[in-house]
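K.L.:
Mind having a look at this structure? Questions to follow.
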Amino acid sequence: MPAPTSAPPPALDAATIDRLVAEATAAFAAAATSAELKAAKAAHAGDGAPLLLANRAIRTVEPAQRAEVGARIGAARAAVNQALAAREAELEAQELAARLVTERVDVTLPPDLVPTGAPHPITALMDLLGDVFTAMGWEIAEGPELEAEWMNFDALNLGPNHPARATSDTLFVEPLSNHLVLRTHTSPVQIRTMLDRPLPIYVVCPGTTYRADEFDATHVPAFHQLEGLVVDKGITLGHLKGTLDHLAAVMFGDVRTRIRPSYFPFTEPSAEMDLECFVCRGASVGDPEHPCRTCNSEGWIEWGGCGVVNPRVLAACGIDTDIYSGFAFGMGVERTLMFRNGAADMRDMVEGDVRFSQALVGGAR
Ligand code: DAH
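Read in order, the letters of the sequence shown correspond to residues 103 to 467 in my numbering.
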């Protein structure tokens, strides 16, 4: 049987062992990064490293010399492990110092101010308008923007030949046989409320409305209104005036108001609610030398329509007009924002330039 082939036993003399220690120490010193040191560790202190092989070969040494050789190799391994640990600590410290420099954070720098979002001024104003009424115990009512023609017109006493039904104003939705329109005002919510809710009724409805209007400084085809409706026993025009005066005071502070006769098919009597002109405060009236462009020198600007609910409308909703009466009002939210915040051009409200909203922040709230 041939003798098993095996590597010749490594030399275990002092010179060889010293050289192995010197080589290992030099390799550790030469490693410039922890990754390089890891490789040097595998080569000089790992399982296959010459010193480890030498260690395993101790058992082949004559028993008489085993203690001496063992002590030498033990000391050599200790020296190598010590050099390794020292270099590891050194590199770790170096690398940490380098990281601290590259990852340095200057806590004294001003932070990047990331702008936060906010409701659009129209939305914020509609919320505020709703709050004015819920604070008085009223409810918020809602209705669909795609509305039955009957709700939008007929039930509100707008007969088939009323000019507001002309296609130039109203956006009819095809197929026309379905008789659906994009609601031209929030007044159909009055009808829905009277058909749905028990009496008495105290509601406001802020909502989006649509008309085939020009797109200019004072018209946008999709706009917003605030509708109000009260139906109760003994309601008079006085309650209407008091309510609108309160709303005007919350919206505009100290401003005079007036109601002036007008016509709406769904109210009788009907009125227009005016605000004293913010700009001239009435001073331009009868003073051709100092005309006021805001109010056309009339001293008043129109805010919205209102009136005592036409008994025909109440009756169409099955309400006993001998017992109940009501008042209603409707005003433009865009117009209110213009008066309240000095926004001169309605187009700014839909064009989405954030500077417009930022300029009005705080004002609409
Ligand atoms: N719906 C009317 C419009 O869009 C505004 C209006 C007038 C609403 C009088 C009312 C009202 O409730 O009583 O022009």
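Built from N, CA and C at the ideal position, the CB exists for glycine as well.
Considering only C-alpha positions, which residue in the set 278, 331, 309 is nearest to residue 324?
P.N.:
Among 278, 331, 309, the Cα nearest to that of residue 324 belongs to 309.
K.L.:
In three-state DSSP terms, what is residue 429?
P.N.:
Residue state, collapsed to three classes: strand.
K.L.:
If I follow the unbroken alpha helix (DSSP H) through residue 330, where does it start and stop?
P.N.:
From DSSP, residue 330 is part of no alpha helix (DSSP H) but of the beta strand (DSSP E) over 324-335.
K.L.:
For the beta strand (DSSP E) that residue 410 lies in, which residues bound it at each end?
P.N.:
First-last of the beta strand (DSSP E) with residue 410: 402-411.
K.L.:
Cβ-heavy atom distance between residue 430 and ligand 1 below 7 Å?
P.N.:
Yes, the beta carbon of residue 430 sits closer than 7 Å to at least one heavy atom of ligand 1.
K.L.:
Does the beta-carbon distance from residue 430 to residue 331 come in below 8 Å?
P.N.:
Yes. Within cutoff.
K.L.:
So for residue 436, helix, strand or coil by DSSP?
P.N.:
Of the three classes helix, strand and coil, the one that applies to residue 436 here is helix, per DSSP.
K.L.:
Give the secondary structure of residue 338 by DSSP, where H, G and I count as helix, E and B as strand, and everything else as coil.
P.N.:
DSSP places residue 338 in coil when its eight states are reduced to three.
K.L.:
Could you tell me whether the region 134-153 touches the region 185-192, where touching means 3 or more Cβ pairs closer than 8 Å?
P.N.:
Yes: at least three Cβ pairs fall under 8 Å.
K.L.:
With DSSP collapsed to three states, give me the class of residue 172.
P.N.:
Residue 172 falls in the helix class under three-state DSSP.
K.L.:
Below 8 Å between beta carbons: does that hold for residue 379 and residue 402?
P.N.:
Cβ distance < 8 Å, so residue 379 and residue 402 count as in contact.
K.L.:
Between which two residues does the alpha helix (DSSP H) carrying residue 134 extend?
P.N.:
Careful: residue 134 lies outside any alpha helix (DSSP H) and carries neither H nor E.
K.L.:
Since I believe residue 425 is in contact with residue 335 (beta carbons under 8 Å), could you give me their beta-carbon distance rounded to a whole number of angstroms?
P.N.:
The pair is a contact, with the Cβ atoms about 6 Å apart (cut-off 8 Å).
K.L.:
Assign residue 455 to one of two classes, buried (16 or more other C-beta atoms within 10 Å of its C-beta) or exposed (fewer than that).
P.N.:
By the neighbour-count rule (16 or more Cβ atoms within 10 Å), residue 455 is not buried but exposed.
K.L.:
Given the structure, does residue 344 come close to ligand 1, in the sense that its CB is under 7 Å from one of the ligand's heavy atoms?
P.N.:
Checking the Cβ of residue 344 against ligand 1 gives no.
K.L.:
Residues in the same chain with beta-carbon distance under 8 Å from residue 341, minus the five sequence neighbours each way, listed in chain order, please.
P.N.:
Excluding positions up to five away in sequence, the list reads 332, 429.
K.L.:
Inspect the CB distances between the region 359-378 and the region 443-453 and report whether three or more fall short of 8 Å.
P.N.:
No, the region 359-378 is not in contact with the region 443-453.
K.L.:
Nearest CA to the CA of residue 400: which residue from 416, 198, 381, 411?
P.N.:
Per the Cα distances, 381.
K.L.:
In whole angstroms, what separates the C-alpha of residue 384 from that of residue 375?
P.N.:
Near 16 Å, if we compare the C-alpha coordinates of residue 375 and residue 384.
K.L.:
Run through DSSP, which three-state label would residue 113 get?
P.N.:
Coil, per DSSP.
K.L.:
Going by the beta-carbon positions, is the gap between residue 258 and residue 368 smaller than 8 Å?
P.N.:
Closer than 8 Å, so yes.
K.L.:
Give me the Cα-Cα distance between residue 171 and residue 160, rounded to the nearest whole angstrom.
P.N.:
Straight-line Cα distance between these residues: approximately 7 Å.
K.L.:
At what residues does the alpha helix (DSSP H) containing residue 458 begin and finish?
P.N.:
456-462 is the span of the alpha helix (DSSP H), which, as asked, contains residue 458.
K.L.:
If I measure Cβ to Cβ from residue 292 and keep anything under 7 Å in the same chain, skipping five residues before and after, which residues do I get?
P.N.:
The answer, listed in chain order, is 329, 331, 430.
K.L.:
Nearest to residue 128 by alpha carbon, out of 115, 114, 113, 147?
P.N.:
It is 147 whose Cα lies nearest to the Cα of residue 128.
K.L.:
Please classify residue 313: does DSSP put it in a helix, a strand, or coil?
P.N.:
It is coil, neither helix nor strand.
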